[in-house]
Amino acid sequence: MESSIKEKCPFKIDIGPVYSVDPAKRHAYAQSGNNVFVPVERELIFDIDISDYDDVRYCCSGADVCKDCWPLMTIAIKILDASLRDDFGFNHILWAYSGRRGVHCWVCDSRARKLNNEQRAAIADYFRVYKGGENTMKKVSLTGPVLHPFLARSYTDVLKCFFEDKLLLSQQLFASEERYRKILDLIPDENIASELHDRWQGNRRSSISKEDVNATRWEQLKTTLQSGKHKAQGLRRCVEEIVFSYTYPRLDMEVSKHMNHLLKAPFCIHPKTGRVCVPIDPNNCDDFDPTTVPTLSQLLGELNAAGLHSNSENDWERTSLEKPIRFFRTAFLQPMLKACKEELESAYNAKLQQSKNSLAW
Amino acid sequence: MEIVRSHRQIAAAAAGGGGGDGGGGAGGLPTYRVAPQLEVRLEEFELFAIDRLGVLKGIADGLSRGKRPEEMEKLVNELWKARMRHQDPAETLNKDIISHFVLRLVYCRTEELRKWFLSMETTLFRYRFRLESPESQRMLMSEFQLPYKALPHLEFEAVKDKLSQVARSIGQSATVESVFFKVPFEEVPDLVASRRVFLSKGYAYVAMSQVVSLVVTQFRCNISKALVLTNRKWMATIKEQEKDRLTPIVEALSNAYFGPDYSQPKDAVEISLKDIDQLARTSFPLCMRHMLEKLRENHHLKHGGRMQFGLFLKGAGLKLEYALSFWRAEFSQKVGSERFDKEYAYSIRHNYGKEGKRTDYTPYSCQKIISATPGVGDHHGCPYRHFGEENLRAALNKMGVSGHPLEEIMDKVKNRHYQLACTLTFEAAHGVSCDTGINHPNQYFSESQNILKTKNQAVQSQPTT
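For the protein sequence lines, the chains are A and B, in the order given. Quick note on this note's numbering: the first sequence kicks off at 117 and runs consecutively. Quick note on this note's numbering: the second sequence kicks off at 51 and runs consecutively.
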């Protein structure tokens with residue numbers, strides 16, 4: 117494959133499923149009528165784009181990313197990674213930077229590869245909380261007296277403190293009327309919403325510093341919503357709904373649902389930014405900074421500076437890709453290979469046993 | 051007596067399968083996968099079906115009264131015991147299977163019949179499944195390819211809190227069910243997608259009630275497909291072949307369900323035009339009151355309303371000539387009498403069976419009215435279902451219903467028991483209880499008229515001083 121890549125010099129590489137027949141020969145089978153050309157195996161994948169959060173980030177929009185909004189991606193990684201391991205029992209999970217404005221997740225366990233479309237859709241729906249669309253104000257609806265353990269855990273372990281300690285301030289969520297209005301729109305009770313609105317409108321430019329405004333107003337909102345007098349049905353989970361609206365991961369459902377969806381391979385170069393799609397360590401994702409990811413030109417420079425060596429196999433060790441590649445190999449690839457080997461061995465042994473049994477006289 | 055042999059073959063062919071037993075299942079709960087190779091006497095053909103029909107009707111009644119699952123379970127048990135059970139369990143099984151397949155013939159013939167039959171048979175199966183012993187349930191589960199093992203006690207204790215949390219998150223009570231199954235999540239995608247199960251390390255913890263749902267869903271799916279096949283066979287061969295023997299029985303059985311359909315107003319009760327407004331105030335159900343009001347207001351009603359209200363009036367005793375005058379009087383104020391005669395009179399005559407294929411149309415039952423989909427400009431349908439809360443409250447106030455009875459009605463509406471809500475309205479408006487429940491607007495009308503007549507007689511018979 118290395119020679120093939122060197123020869124064709126692809127722009128980028130997208131990976132899809134393993135098919136039942138060689139894709140190049142699929143037209144030959146088209147006549148037979150039955151669906152002979154079908155996907156057989158494919159990793160379970162997720163794609164999270166920060167542009168899907170444009171309605172809740174004020175620092176950037178579209179393809180731009182900065183240190184204030186990137187943490188939304190970090191949060192997404194933490195929540196999904198934990199759930200994929202704890203709830204679904206998956207182990208071989210690779211997170212990769214998409215090269216520009218998001219992250220990709222590749223779940224490579226054998227069990228994951230064999231999932232059909234319905235099962236993939238079910239997992240995506242399990243993770244889905246934000247239901248966007250033009251016709252509703254409120255896109256997060258958490259009904260029921262308590263949250264499902266998965267959502268509850270996500271809230272208490274990750275989302276609550278991220279929202280209160282980081283996001284409130286970095287996005288200045290209550291600092292202007294336009295911004296706090298958006299939050300008040302999520303409160304189903306008109307009276308409470310206008311009560312808070314009037315209170316804050318009167319309080320506009322006071323001498324307290326900006327930090328206080330956001331934290332203070334959030335506290336006021338929480339107190340009002342959680343106080344005894346407003347025990348209406350819709351208000352039960354309102355605080356959580358607001359936090360979820362602003363922080364909970366927003367997946368691209370279509371990517372995960374279908375086995376035949378193509379996704380950019382890790383370590384490719386993103387055509388628009390020149391950045392390498394490096395793996396991200398979910399256990400250290402807070403430290404990941406998209407602005408310091410190596411670029412193609414940077415790598416060329418590093419290679420040239422290092423000079424040519426006879427053993428060109430390990431050139432990457434002298435570049436900024438050294439750490440990402442080592443991480444990829446030790447944290448993901450080697451355990452994955454070991455697991456595959458074990459599987460093949462046990463399948464082989466099982467077959468052997470079966471044929472032995474059938475030979476028993 | 052008919053030759054049993056040939057009948058059996060036809061029954062087997064009709065029900066969409068031959069050979070095998072009826073799927074005796076374990077513990078006598080059949081799954082009706084294949085028609086049995088059984089001998090059936092012609093009287094049994096009809097009698098068994100009627101008995102089973104009684105059970106299904108009883109279930110329909112229980113459902114429309116909004117009975118809770120525990121009550122339904124009890125009801126099903128009683129109905130089954132009363133109508134189907136025999137001393138000899140083999141005989142019971144026989145009757146069970148035969149009656150099911152006979153009713154398939156009866157209820158495969160239209161979409162509405164299929165829907166009703168499917169719904170009732172599925173409900174019957176659901177509660178009979180719940181009443182079976184755990185071993186029997188397990189055997190049925192494996193028959194439906196759901197071979198799950200119940201969670202051992204220690205494991206259950208370890209995750210009990212989480213299971214309780216999940217139950218509460220989907221609006222169930224906190225006391226968790228006692229039987230759970232640990233199932234690979236791949237096998238229950240619907241439950242995973244809607245977060246109705248606790249997941250841990252790739253396993254879903256599925257409650258017994260959810261497993262019941264899985265079983266019932268499969269059962270429903272099988273019967274649904276079978277009904278379509280049965281219909282094809284019926285139309286293709288059986289109906290004609292059996293036109294002197296089974297077909298008349300089958301056709302009579304399906305009519306037996308609908309009970310009084312008010313197509314021929316009994317007691318030759320007639321109502322005259324001048325009475326209509328008065329009668330509306332005293333004896334019309336809310337749906338019809340509303341339509342009369344809108345008709346008077348707008349001098350028009352759209353098609354759905356004309357059908358629902360027009361047929362109701364027919365069932366209440368409005369003769370054709372009066373009906374024509376009535377509608378003309380209103381519509382001509384909007385569209386003129388010429389246009390009325392040209393465009394609307396025909397369909398009124400059609401409703402009375404005087405035009406076209408001369409079908410005398412039956413007034414709509416509550417079930418049909420509730421399942422209507424009124425659109426823009428429509429006033430038909432069931433107010434308890436189709437009105438917003440404020441409108442409904444206002445309408446009920448106008449009927450003189452308020453306070454505690456009104457709240458009870460609104461509560462029923464919230465829980466989607468529309469016919470119960472109407473029954474309560476009836477009771478509040480007339481000051482008497484209605485034990486049978488309302489399931490037809492004409493029933494509401496005639497019962498109301500009966501009560502008022504009785505009251506009048508009571509008043510009249512009092513000695514005057």
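Glycine is no exception: its CB is placed at the ideal position from the N, C-alpha and C atoms. What you are looking at is a predicted structure, and each value in this text was computed from that prediction instead of being measured.
- Membership of E227 (chain B) in any alpha helix (DSSP H) is not indicated, and neither H nor E is assigned to it by DSSP.
- Under the DSSP assignment, F95 (chain B) falls in the alpha helix (DSSP H) whose first and last residues are L92 to S114.
- Taking the beta carbon of I239 (chain A) as reference, the chain B residues within 9 Å of it are F235, P239, V242 and A243, listed in sequence order.
- When the five nearest sequence neighbours on each side are left out, the beta carbons in the same chain lying within less than 8 Å of the beta carbon of R178 (chain B) are those of L79, V126 and W130, in order along the chain.
- For F230 (chain B), no Cβ of chain A is located within less than 8 Å of the residue's own Cβ.
- T411 (chain A) has A:R391 as its beta-bridge partners, per DSSP.
- Residues of chain B with a Cβ closer than 7 Å to the Cβ of G205 (chain A) are, in chain order, K251 and G252.
- Contact of Y242 (chain A) with chain B is assigned, a C-beta pair being separated by under 8 Å.
- R282 (chain B) is classed as exposed because its beta carbon has fewer than 16 other beta carbons within 10 Å across all chains shown.
- Sequence-distant Cβ neighbours of L210 (chain A) in its own chain, meaning closer than 7 Å and more than five residues away, are W222, C224, P382, P395 and F448.
- The shortest C-alpha to C-alpha distance from E292 (chain B) to any of B:L155, B:D146 and B:K404 is the one to B:L155.
- Residues of chain A whose Cβ lies closer than 9 Å to the Cβ of G221 (chain B) are, in chain order, T259, G260 and P261.
- DSSP places P155 (chain A) inside the beta strand (DSSP E), whose first and last residues are P155 to E157.
- In the structure shown, the three-state DSSP call for C337 (chain B) is helix.
- Inside the segment 175-261 of chain A, DSSP marks whole alpha helix (DSSP H) runs of 4 or more residues at positions 187-202, 226-229 and 233-243, from first to last along the chain.
- Per DSSP, the continuous alpha helix (DSSP H) segment holding D461 (chain B) begins and ends at G453 to K464.
- If the five residues before and after F206 (chain B) are omitted, its C-beta is found closer than 7 Å to the C-beta atoms of F230, all from its own chain and listed in chain order.
- Beyond the five residues adjoining it in sequence on each side, Y414 (chain B) comes within less than 7 Å, by CB distance, of Q358 and L361 in the same chain, given in chain order.
- A direct Cα-Cα distance of roughly 40 Å separates K439 (chain A) from F153 (chain A).
- Closest in alpha carbon position to Q187 (chain B), among B:R270, B:L474, B:V262 and B:A366, is B:V262.
- When C-alpha distances from G365 (chain B) are compared across B:L196, B:H490, B:V90 and B:R164, the shortest belongs to B:H490.
- When the alpha-carbon of A85 (chain B) is set against those of B:T280, B:L163 and B:I109, the nearest one is in B:T280.
- Between A422 (chain B) and H430 (chain B) the beta-carbon gap is near 6 Å, inside 8 Å, which marks them as a contact.
- Pairwise C-beta distances place the segment 362-375 of chain A out of contact with the segment 412-425 of chain A, as fewer than three of them are shorter than 8 Å.
- For F359 (chain B), the uninterrupted alpha helix (DSSP H) segment begins and ends at H353 to A366.
- By the neighbour-count definition (other C-beta atoms within 10 Å, threshold 16), N492 (chain B) is a buried residue.
- Not a single CB atom of chain B sits nearer than 8 Å to the CB of H386 (chain A).
- Take S304 (chain B), set aside five residues on each side of it, and the residues of its chain with a beta-carbon closer than 8 Å to its own are V156, Y157, R159 and L163, in chain order.
- Nearest Cα to F360 (chain A) within the set A:V137, A:I195 and A:P451: A:I195.
- Closest in alpha carbon position to F381 (chain B), among B:L368, B:L153, B:N348 and B:N401, is B:N348.
- F248 (chain B) has B:Y255 as its beta-bridge partners, per DSSP.
- In the DSSP assignment, F162 (chain A) forms a beta bridge with A:C221.
- E237 (chain B) is not a Cβ neighbour of S259 (chain B), given a cutoff of 8 Å.
- Across the set A:G390, A:A463 and A:Q450, the C-alpha of A:G390 shows the shortest separation from the C-alpha of F127 (chain A).
- With respect to L474 (chain B), K462 (chain B) sits close: the two C-beta atoms are nearer than 8 Å.
- Here Y434 (chain B) really is in contact with A471 (chain B); their C-beta atoms are around 4 Å apart, less than 8 Å.
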